[in-house]
Structure formats: structure tokens, C-alpha cells
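Protein chains in written order, with the numbering used here: chain A, 215 to 572; chain B, 258 to 628; chain C, 24 to 181.
Written out as C-alpha cells, the structure is:
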């Protein structure tokens, strides 16, 4: 059966036969780097057109429909437009930080790609503290936003950046607590272990109430962490025009834009891995025939299917809800999500110790 | 000056919202003094879209000046025109035929519904929800289609002339009004599902932008914004014109005094306007749609004042006539200007996000403020 | 007691959010509700109501005759000075001089489509057309002469 891991195996064995180990490693790294950048570009194009189509249908519109078949090449045209636009640096801005911030946002998003299991045995780096790595790296994102907001020499940008800082720092806690629930259930921080533990059923089904609550909290927290509506306070176009990227234009703006979508993809990928079994196919108890059919679907399709479903849910949030206010946003975190998450963790610990879960 | 300094002596941040800003729905310039995210003071700067309509009207005849008022509050242009037509009729003692009166009320209420629906979408958009805006335009388009068919234009209708209306209603008019009533009854619950009941929307609006009854009166706030503070100020009830006294409708009042009650008042007003439409659409009397008037209208020497209830509040038209064919002086008391004055009072101590919500709930139309 | 309130708060809030999501989800799945008009593509089927005010035109019959007597009532009625009527003196069959319209100049760029000129016209010479695509590259193209060249006043119109 066709699978991504076979391809990597073939490439790896060919490289080890042809070159010495050092060169093999270097060439593999280059391939991975090119692959990640390529995936970035493709994901950016797909997610932008997806968001525009989702929003259009929810708003009883047609959405982009002129470039290419059914407007599917619209994001391509947008990319060309952004590439040829002048990238202005405002007078009075901290030039180095201003130009550096978009790259930080991109680098953080790239680093986060490393431990994600895209398919069976297809992972860039199966680090043994995978979940911890993800939580640690994703919080670096706030640096890019603060940097952009501060260096723009614009008060709107500054307000947006400060909001974003408060928001990301606090929502990381509940995202972490939600992830901890799965870590407690699995007993491992390694992504491949977490996925393997869901071979006989996804955590969302096996974990009972705590897993559901954790999933809900996780979805809310990552929506906030990626600055998506209804938590898009750092952009808040009706209050702060564009928030932290008010002064950015051209490709530098596009990098922020891309980083936002990549972050959404990554957090949804993590959500799919932790709660929906990653690349694990959907199995029902003893239905051998059904399970066999499910196994036949490639694991990468399972992973991307689940991830894109979660991305759709996040887009659904965005195009339905009004925005929260900054104090309400923090209230929600500190008065609702965090206490609930903590109680939830206690609950799941009890369940894990008593082995009540499957 | 402000751009150069940026902060006050106390270390407060001064930001300029507008004249080009998504929250101000036009070219309004607000100079906001901020302490962190908390608003200390708001200073509106006007005049970016001042077209000197009042001065311009002094050189236009009494037939011509009506059309300029469509450009003041473009969302209730019909009602503006109505106010001016009423003034000329009052000055010349013209008896408006009953058919024209009913058509005028129907058009006014359609305009009011369209304006409130657009406001609903814009308010939701101010709070960050984009989808309601497009849903609002769906119903508004239908109303605009009616206007286009009968009046000949979608936004600046100029359908009112001294002595009646410019043309008779279109044969399709009654059928289409019934259609829109049906459509609104179907879609208004959806509006409530999307916005009214939403917990985030409630949290953003409840208890925000408190405007007490006394303050509403002293700032001269009128219209739904004042009625949400418990001030009875519906001109249609207090000083009925054009046969509003014969109709059965409620003056929508609320005592919440906050942004949410201003929202509710407008949502209920849509339903009241629908009930007025229902009462009248099948009972349009036969007869002339326009009274016979002289070719050249000359108001007698003196001062004249009429007021009408637009979608935003009380519009007063004040004319000083020297007996000629043009007004000597004309003054519009526009509702938006007085409503804007209360903004500073309402937003003090609130967050900058609330400012957007409060301004949205006041339903400001900037050309109405500047004229 | 406090806990009960807390939980019912959270549940109520979540419920209101789900109601909103149900509504947008409905529109996401029901594409027949889409109301977009694809404007330049639907030109062939686009019908504007007959009262729509697009621009002022002068009606001419098949003999290239119009009904404008050059009385300047429309010019006086216009609030913006959109219409300028240039008159000339025709010599009719009886050898008498008679005022007639030479050029009916209409500035589309000044016109606000208020319909007052059409109301003022005593002979129904002008009317509103339903055209609305008025964009041109040169502003001078917006100044139009409404009476066709060599057109005459229709018989019997005073």
C-alpha cells in the first residue's frame, strides 16, 4: 500500500548507500527544510482560499470566483500581488526589529512543524518531550508580535501587541492544562507514544468527560493563542485598525499572515494528534470489516482530514462570534477556563490512577 | 500638535481615531485620551464632510432644497425629505391628500426598517462579527428594490414633493411590501439567534455606556438612543404628523440605559414598524397622490419649524422666510449631532473596545452630524 | 449553590454560542440561499425598473422630432445647474421668428438624478433613462447634447 513512510525509507536507504552518514544527514536536513517551506507555501494558499470560501458561504456570498476554476487560484493571485508590493518601513520605526519580527513569526511556526506526526512513521523529529517542546516553542510567538507592535512606532500597533502579550501568556496555561490531561492518560510526552496509545480508540472517545472538557478548553485556548476571532484582540480591525501589523505591507505583512495560518494548522494538528488520534484510523470495537476498510485509507489522509476539520471549526468560530473585550478575555481565562482545567486535571488523575478509562 | 506629542503631561496616551478608521463609519475624528486601555476623554473633531447644506439651501427654491436633505442622513433620506416637505406644506397651508399621506408613512417606515437593519449589521461588525452584516444586507436589498421600483432610486430617493409624493406607487408595491413583511418575520428570529442571544454580545453590551435619563435629556439625545434611557421622545407619538395618530403602534421604551437596551429598542422598533406597514399596506385610500400646488412656491414672511422622527431621532427643520422663493435662513436640527455629544460622557472610564460598541449603539451617520 | 450557578452560567453561554453556530452552519450547507449577483455577467438579464433614474434623455420620434420648445423650465427647476439650454430663432412657414432649442446641454457629472426637471417639463420632452454605467475616461464626455443633430420640434407641441 502506498504510504509516505515507504518513500522516506527508500530515500533514506538510497542516501545511506550512496553517501557517508554525515552527508546523508545534511542532505536529509536540506530535503526536510525544502519540504517544510514547500508545505508552508501550499498550506498558506489552501488555508487562505479555504477561509475565504468558508466565510463566503456563511455570509451567503459566493466568495472569490474569478481566478481559476471556482476562484481556487485566487490566493495565488493574492500572493503575486503581495510579492510585488512595496514593503514600507515607517519613518521613526526601529528598522531592525521592524524587519526582523515577521521572520521570527515564521521561524517559530517552522520550528513547530518538527514533532508533528503527519502520517504513520512520518515525522521530522520524534523528540521524547514532543508535547513540552510544542508548548515551549509556541509561546515564542508572542515575541514576534510584541516586537512588531513595539517597533512600528504606532500606538495602535502598541496596544495590539500589549493585548496580544497578555492574551497569549494567559491562554497558554489552559492550553497546557488541556494537553496535560492527555499526557496523564497516556503517560508519555512523546507524540508517537500518544498516537500509539489511541490505536484502540481516540482519547476523545476513551477519555470520557475529562477528555471532552479538555478538548473544549484546548480549542478555545488555541483559538486565543493564534489570535483568531473571537479572540483577535491584537488585530481587532474595528478598534485598532490592524493591531500589531497595522504598519506592515507587502511581503512582510504576508509573512505575518502566513504565520497566522500555519499556526492555526499546527495547533489543529496537535489537537487532532492529542484528542482525535492523529493518523490513527477510526475504529469501532469489534467491527472487523469496518475497521479493515478504515485501515485501507492512508494515514496521512486521516491526519489531514482531522486537522482540516478542526481548522474548519476554528473558522466557524471566527465567522459567527463577536469579539470579546480585553478584560472579558482575561476573565474567561482566569475565572472559567483555568479553574475548570484544574478540576479537570484532578478528575483525570483519579481516573488514570483507578484505571477507569479504557 | 497632537501627533507630535502623543502623550499628555500625566503620561496618558492620546490616539487619533479617524478620520479614516473602521469604527467611525465615515470621516469622524475622535481624539481619545487613554490611560492604558481605559478612556479618560473623547474629543470629537467634526467638519471632515461638511458640505454646507444649510447655506446651499438658501439659494435653492422650496421645491429644490428638499433633495439636498437626502444627503444628510442618507440612511433615512425619505424621512428627511418628509420633514422638509412638511415644512413647506405648513407654510403654504397645503392640504395633503390622504393617499399621499399613507404612501409617505409607508415609505418612512420602510426606510426606518432598512436603516435599523443596516445598523444591526454594522453594530455586530463593530463588535467583530462580520457575518450579520451580510445577512442584514439581504433584507435591506429587498427594501431598496421596493424604493427603486416606486421612487426611482435606491438611496437618495427624492420622492417627497410639497403637496404629496412625486409619483403614484408602483402596481407591484403592495405585493412587494407584503413579501418583505413575510421575509422579515422569517428572518428576524435568525437575527436574534446570531446576535441578540449571543453570550459574547451580551457581555460586550450589557452595563456598557450608561446614559441616565437626566443625562439623555440634558445632552439632547433623541430617538431610540434616548428611548433606551426611558425618555419618551417619539415625535410620531408626541407631535403626530401625517396621520400617525390614527395608527396603532407602541412607543418602544426601555429603562436599561445601556448599550444592550439601545440595541433592544431598535430591534423592537423594527417590529413596530412592520406592524405599521401591516396596518396600512392594504388600506391605501384612493385619490390623488399629490395636491395641486402653484408652480412657484413662496413661503409667507415668518419663521417655520417642523420635526419628524427619523431612524436616529428628532430631525428639526427651521426656516426663516422673507417672503421670497428661497429661504432666508435654514437650520437643521440633526439627531446625530446631539447624540454624538453624549459620547464623551458615556465612554469615560470604559475600555477602548467599549467605545466602539457605544458608538455603534448610537447609530451615528457622519454626514448627518456635519451636514 | 454557587457551583450550580457557575455551571448553569457556563452551560447557558455555550448553548447561546451553539445556537449562533447552528445558524451559520445552516447557511454554510445551504448554498441555494446565496444572494450574490454576479453583476457584469448578468448584464443580459439585468432589468431595471422603468422608473429608475439613470440619466436624462430627450425622446425623439421616428421623424427625428423632439418635443422640446426651449422654455427653460427644466433649467430653472434644476438645483445644480445641470441643464443649459441654448436657444435660436427659427423662421417658420409664415415668416415669423420663433424661439426654438438649438442645443440642450446636459452635464451628467453635475446631475444628482433628482427628477425635478422631468417634473417641471410642460411638454414631456425629456425623461429618465435606465442606463447606469456612466464611467468614461474623459470628463468632457459627460457633457452631452440631448437633442439629436438636425432634429426639429414636433408639430403641435407648444
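Built from N, CA and C at the ideal position, the CB exists for glycine as well.
Item: Spatial distance of residue 270 of chain A from residue 533 of chain A (CA atoms); Value: 9 Å
Item: Test: residue 285 of chain B CB closer than 8 Å to a CB of chain A; Value: no
Item: Outcome for residue 442 of chain B when other beta-carbon atoms lying within 10 angstroms are tallied against a minimum of 16; Value: exposed
Item: Contact with chain A by residue 371 of chain B, beta-carbon distance below 8 Å; Value: no
Item: CB of residue 576 of chain B within 8 Å of CB of residue 363 of chain B, strictly; Value: no
Item: At least three beta-carbon pairs within less than 8 Å, the stretch 153 to 171 of chain C to the stretch 76 to 92 of chain C; Value: yes
Item: Chain-order list of residues whose beta-carbon lies under 7 Å from that of residue 498 of chain B (same chain, five-residue window excluded); Value: 343 and 565
Item: Interface flag, residue 65 of chain C vs chain B, CB-CB below 8 Å; Value: no
Item: Neighbour-count burial assignment, residue 500 of chain A, 16 or more Cβ in a 10 Å radius; Value: exposed
Item: Close-in-space but distant-in-sequence residues of the same chain around residue 175 of chain C (CB under 6 Å, 5 per side omitted); Value: 88
Item: CB contact below 8 Å: residue 451 of chain A versus chain B; Value: yes
Item: Per-residue burial, residue 413 of chain A [other beta carbons within 10 Å of its own, 16 or more giving buried]; Value: exposed
Item: Spatial distance of residue 400 of chain B from residue 437 of chain B (CA atoms); Value: 7 Å
Item: Near-chain B residues of the stretch 130 to 161 of chain C (beta-carbon distance less than 9 Å), N- to C-terminal order; Value: 135, 136, 137, 138, 139, 142, 143 and 151
Item: Contacting residues, own chain, Cβ-Cβ under 7 Å from residue 579 of chain B (five flanking each side not counted); Value: 558 and 585
Item: One or two residues paired with residue 337 of chain A in a DSSP bridge; Value: A:331
Item: Beta-carbon proximity list for residue 257 of chain A, same chain, < 8 Å, skipping 5 on both sides; Value: 475, 476 and 479
Item: Listed by chain order, chain C residues near residue 317 of chain B by CB distance under 7 Å; Value: 102
Item: Euclidean distance between Cα positions of residue 609 of chain B and residue 366 of chain A; Value: 20 Å
Item: Residue span of the beta strand (DSSP E) that contains residue 550 of chain B, given as start and end; Value: It is not in any beta strand (DSSP E) - residue 550 of chain B carries neither H nor E in the DSSP assignment.
Item: Cβ of residue 568 of chain B within 8 Å of any chain A Cβ; Value: no
Item: Neighbour flag for residue 327 of chain A against chain C, beta carbons, 8 Å; Value: no
Item: Environment of residue 570 of chain B [buried if 16+ CB atoms lie within 10 Å]; Value: buried
Item: Residue 443 of chain A to residue 537 of chain A span [Cα, whole Å]; Value: 6 Å
Item: Assumed close pair residue 288 of chain B, residue 302 of chain B - CB separation to whole angstroms, cut-off 8 Å; Value: 6 Å
Item: Cβ-based burial, residue 489 of chain A [other Cβ within 10 Å; buried from 16]; Value: buried
Item: Amino acids of chain D, ordered along the chain, whose beta-carbon sits closer than 8 Å to that of residue 611 of chain B; Value: The structure shown has no chain D; the protein chains it does contain are A, B and C.
Item: Contacting positions in the stretch 320 to 335 of chain B - beta carbon closer than 8 Å to chain C; Value: 320, 321, 322, 324 and 325
Item: The stretch 614 to 623 of chain B in contact with the stretch 30 to 49 of chain C per 3-pair CB rule at 8 Å; Value: no
Item: Proximity test, Cβ basis, 8 Å: residue 508 of chain A and chain B; Value: no
Item: Residue 168 of chain C, enclosing beta strand (DSSP E) - first and last residue; Value: 166 to 168
Item: Below-8 Å beta-carbon distance, residue 433 of chain A vs any chain C residue; Value: no
Item: Under 8 Å (Cβ pairs) to chain C, residues found in the stretch 521 to 538 of chain A; Value: 530, 531, 533, 534 and 535
Item: Any C-beta of chain A under 8 Å from that of residue 22 of chain C; Value: Since the displayed chain C opens at 24 and closes at 181, residue 22 of chain C lies outside it and no answer follows.
Item: Presumed contact (8 Å Cβ cut-off) between residue 550 of chain B and residue 420 of chain B, rounded CB distance; Value: 4 Å
Item: Span of the beta strand (DSSP E), counted from its first residue to its last, around residue 113 of chain C; Value: 106 to 114
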